[in-house]
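Here's the structure, in structure tokens; my notes come after.
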Amino acid sequence: MKFAPRSSINLAASGNLAFVIVVGAAYVSAITALIYARRALPPLEIGLLLAVGSAYLLVGTYGFALCRRLGTGRAAAVYFIIQLLLAATLIQLRGSAGELSLILLPLAGQSALVLAPRWMVAVCVLIYLNLVLPLILRSRWIDAIAVALTYGTGIVFVVVFTRIAARERQARAELGAANGRLREYAAQVEELATTKERNRLAREIHDSLGHYLTVVNVQIGAAQAIFAQDEARALDHLSKAQSLTQEGLAEVRRSVAALRAAPTESRPLAEALAKLVEQWKATGLRVQLTVAGVPRPLTPQADLTLYRAAQEGLTNVGKHARATHVRVTLDYGHAESVQLTVADDGIGSADSNGGFGLLGVRERAQLLGGAVRVRTALDKGFTLEVELPV
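In the working numbering, the protein residues as written are 22 to 411.
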């Protein structure tokens with residue numbers, strides 16, 4: 022005998038209560054019928070009816086719970102065999118199913134809950150025979166057929182109703198589980214979105230603030246170097262440093278508020294890069310911007326990624342490279358991609374991984390399906406290449 026999948030079994034305490042109520046109602050009905058029939062039963066027969074009925078009731082509640090907990094075909098077979106034998110004994114003692122026929126209907130419902138379809142049908146057939154055979158043996162054929170149809174209809178109704186109720190309960194459980202998973206997914210998405218936004222703000226603040234501070238530092242250093250010889254030029258450098266400081270503060274405020282307008286939002290990428298290059302030229306660094314190919318519109322994210330890459334490359338030059346010349350190249354010459362290159366003739370580096378700034382450039386490029394390449398060696402300069410698909 023085979024159990025149905027556990028997902029379809031969800032008999033709560035209310036199911037046991039229903040079993041007790043139905044069996045109790047059957048007994049009350051049977052006793053009431055005996056009283057009205059003025060039929061006196063021997064004490065032994067009354068005792069047997071009560072004992073067998075109590076056993077049927079106890080097995081139907083605690084035995085069924087144990088059967089479900091064990092979850093094996095053997096346990097199910099033992100349970101239904103015991104219950105069918107007890108029911109047959111009760112019907113035999115009563116002389117016919119009569120009012121006691123009700124006690125077998127919950128058994129049909131239990132079979133619909135825990136048994137695979139073919140075994141459920143087998144148990145229901147045995148229940149039906151338990152009810153009908155005494156009628157066939159003791160009643161007229163016409164009466165037996167009428168009552169047999171009633172019993173058959175009752176068993177079918179109980180089985181169908183129980184199956185529908187079990188599926189509805191299973192559907193509710195699955196829906197509750199799905200809602201729980203959706204809540205978990207929503208929390209994860211919210212956490213990922215928060216983390217992504219934090220990383221984006223961290224990159225923006227690093228890229229913008231790091232750029233401005235580096236340029237300001239270069240301007241102040243230049244002013245210090247020439248202050249004694251050319252006070253006017255030194256003051257010019259300090260004035261530019263002050264202006265850049267104000268721009269940097271405004272940039273940080275906008276970044277922290279997450280409302281900062283990207284440098285490429287109000288102007289083409291080539292124009293934004295030209296302004297960036299002019300800022301670095303003002304520090305005394307020789308920077309050359311080249312735009313190769315025919316410029317074509319990119320997504321705002323791609324424009325900003327390439328701009329930040331150029332900004333990071335120039336910032337690294339100002340901090341570490343000790344370079345005399347820098348080339349910034351924006352290449353539209355490839356049909357399926359656009360490439361930005363920042364190359365200097367500085368001291369280079371033995372480490373091509375870079376710090377947080379280059380990590381931010383890589384993250385930006387990866388989000389757009391692009392790639393970042395770094396070529397450097399000691400005394401060989403530093404080249405940063407960013408390629409994005411279009």
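From the three backbone atoms N, C-alpha and C, an ideal C-beta is built for every residue, glycine too.
- Under the three-state reduction of DSSP, Val142 is assigned to helix.
- Between the alpha carbons of Gly242 and Ala262 lies a distance of about 10 Å.
- Between Glu406 and Tyr206, the alpha-carbon positions lie close to 37 Å from each other.
- In this structure, Gly378 sits away from Thr397, with a CB-CB distance that is not shorter than 9 Å.
- Taking the CA atoms as reference points, Ala356 sits about 48 Å from Leu256.
- Annotation for Gly390: Pro410 place their beta carbon closer than 7 Å to its own, counting only its chain and skipping 5 residues before and after.
- For Phe403, the uninterrupted beta strand (DSSP E) segment begins and ends at 403-410.
- Boundaries for Gln250: no alpha helix (DSSP H) harbours it, and the DSSP string shows neither H nor E there.
- If only uninterrupted beta strand (DSSP E) runs of at least 3 residues are considered, those enclosed by the region 342-404 are 346-352, 358-365, 392-397.
- DSSP places Val312 in no alpha helix (DSSP H) but in the uninterrupted beta strand (DSSP E) bounded by 307-313.
- For Glu292, the number of other beta carbons within 10 angstroms of its own is below 16, and it is reported as exposed.
- Taken through DSSP and simplified to helix, strand or coil, Leu319 comes out as coil.
- Counting other Cβ atoms within 10 Å of its Cβ, Ser287 stays below 16 and is therefore classed as exposed.
- Contact between the region 93-102 and the region 68-77 is absent, with fewer than three C-beta pairs closer than 8 Å.
- Distance from the CA of Lys340 to the CA of Asn200, rounded to the nearest whole angstrom, comes to 53 Å.
- Contact annotation: Leu265 and Gln240 have beta-carbon atoms nearer than 9 Å.
- By the neighbour-count definition (other C-beta atoms within 10 Å, threshold 16), Pro138 is an exposed residue.
- Looking from the CA of Tyr233, the closest CA among Ala109, Gln267, Ile247 belongs to Gln267.
- Judged by beta-carbon spacing, Val44 lies within the 9 Å limit of Pro127, meaning their Cβ atoms are closer than that value.
- Closest option to Trp301, judged by alpha-carbon separation, among Leu107, Leu156, Val349, Val359: Val349.
- Ranking Ile148, Val135, Asp400, Asp372 by CA distance to the CA of Thr345 puts Asp400 first.
- Separation of Val99 and Gly197 (C-alpha to C-alpha, rounded to the nearest whole angstrom) is 34 Å.
- With a beta-carbon spacing of about 7 Å, Leu351 and Leu290 fall inside the 8 Å limit used to define contacts.
- Less than 9 Å separates the beta-carbon of Gly402 from that of Asp365.
- Within the same chain, and ignoring the five residues on either side of Val338 in sequence, the residues whose Cβ sits closer than 6 Å to its Cβ are Ala344, Val347, Asp365.
- When the Cα atoms are used, Val359 and Leu230 turn out to be separated by approximately 26 Å.
- Sequence-distant partners of Val315 (beyond 5 residues in either direction) whose C-beta falls short of 7 Å from its own C-beta, in its chain, are Tyr353.
- The Cβ atoms of Thr183 and Leu134 sit closer than 9 Å to each other.
- Non-local beta-carbon contacts of Arg383 in its own chain, meaning distances under 6 Å to residues more than five positions away in sequence, involve Val393 in chain order.
- Note on Leu327: 16 or more other CB atoms within 10 angstroms of its CB, so buried under the neighbour-count rule.
- Less than 9 Å divides the Cβ of Ile124 from the Cβ of Leu111.
- Between Arg329 and Gly269, the C-beta gap is not smaller than 9 Å, which leaves the two residues out of contact.
- About 5 Å separates the beta carbon of Leu259 from that of Ala244, a gap short enough to meet the 8 Å contact definition.
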